[in-house]
Amino acid sequence: MILDTNALSAVADDEPAVVRVYRQAASMELPVIVLGEYRFGIGQSRRRSEYEKWLRELIAATRVLVVEEETSRHYAGIRAALKKAGRPIPSNDLWIAALCRQHRLQLLSQDQHFDAVEGLERVGW
136 MILDTNALSA VADDEPAVVR VYRQAASMEL PVIVLGEYRF GIGQSRRRSE
186 YEKWLRELIA ATRVLVVEEE TSRHYAGIRA ALKKAGRPIP SNDLWIAALC
236 RQHRLQLLSQ DQHFDAVEGL ERVGW
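My numbering applies: residue 136 is where the sequence shown begins, and numbers increase by one.
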């Protein structure tokens, strides 16, 4: 399963509903895009040191997914399909969706716009 930024934040804040889903997953993957968004967010937090420590530990125990040439093919296909359907989504979320399809993994997210991406299964909480 891949974590979206809102899921990562919810896990960091120990929200019970998302933590249950998180603990039941066979594996958790972190897109580098999510890491960038999350680091931007915690950079402005009063709890920055605490979140950074937590994040370092999570990264050590998790696989970080990077964007590569194959990812770009999925990105282009998803973006074209959503444009044709008149249902664009934010650019960073296109990359996250592309990684989900590339690695054939579910996405843990509250963002319902991912539901418009064919071949992507979003898990909410």
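No residue lacks a Cβ here, since even glycine has one placed at the ideal position from N, Cα and C.
Ordered along the chain, which non-local residues of its own chain (more than five positions away) have a Cβ less than 8 Å from that of residue i?
{"i": "T206", "result": "W230, A233, L234 and Q237"}
Here's a check: name, in chain order, each residue in its chain whose Cβ is nearer than 6 Å to the Cβ of residue i, leaving out the five neighbours to either side.
{"i": "A195", "result": "none"}
{"i": "P223", "result": "L217"}
{"i": "S262", "result": "Residue 262 lies beyond the stretch modelled for the chain, which goes from 136 to 260, so this question has no answer here."}
{"i": "H248", "result": "I224"}
For residue i, is the classification buried or exposed, using 16 other Cβ atoms within 10 angstroms of its Cβ as the cut-off for buried?
{"i": "P166", "result": "buried"}
{"i": "D201", "result": "The question names Asp, yet the displayed sequence has Val at residue 201. So V201 counts as exposed."}
What is the DSSP secondary structure of residue i, reduced to helix, strand or coil?
{"i": "L138", "result": "strand"}
For the alpha helix (DSSP H) holding residue i, just list the boundary residues, first then last.
{"i": "R183", "result": "R183 to A195"}
{"i": "H238", "result": "S226 to H238"}
By Cβ distance below 7 Å, which residues in the same chain neighbour residue i in space, the five residues on each side in sequence not counted?
{"i": "D139", "result": "V169, I231, L242, L243, S244 and D246"}
Margin query: Going residue by residue through the segment 198-224, where are the continuous alpha helix (DSSP H) segments of at least 4 residues, counting only ones entirely within it?
Written below: Fully enclosed alpha helix (DSSP H) runs of 4 or longer: 204-220.
Notebook entry, point to check: What are the complete beta strand (DSSP E) segments, minimum 3 residues, inside the segment 141-171?
Noted result: Qualifying beta strand (DSSP E) stretches, in chain order: 164-166.
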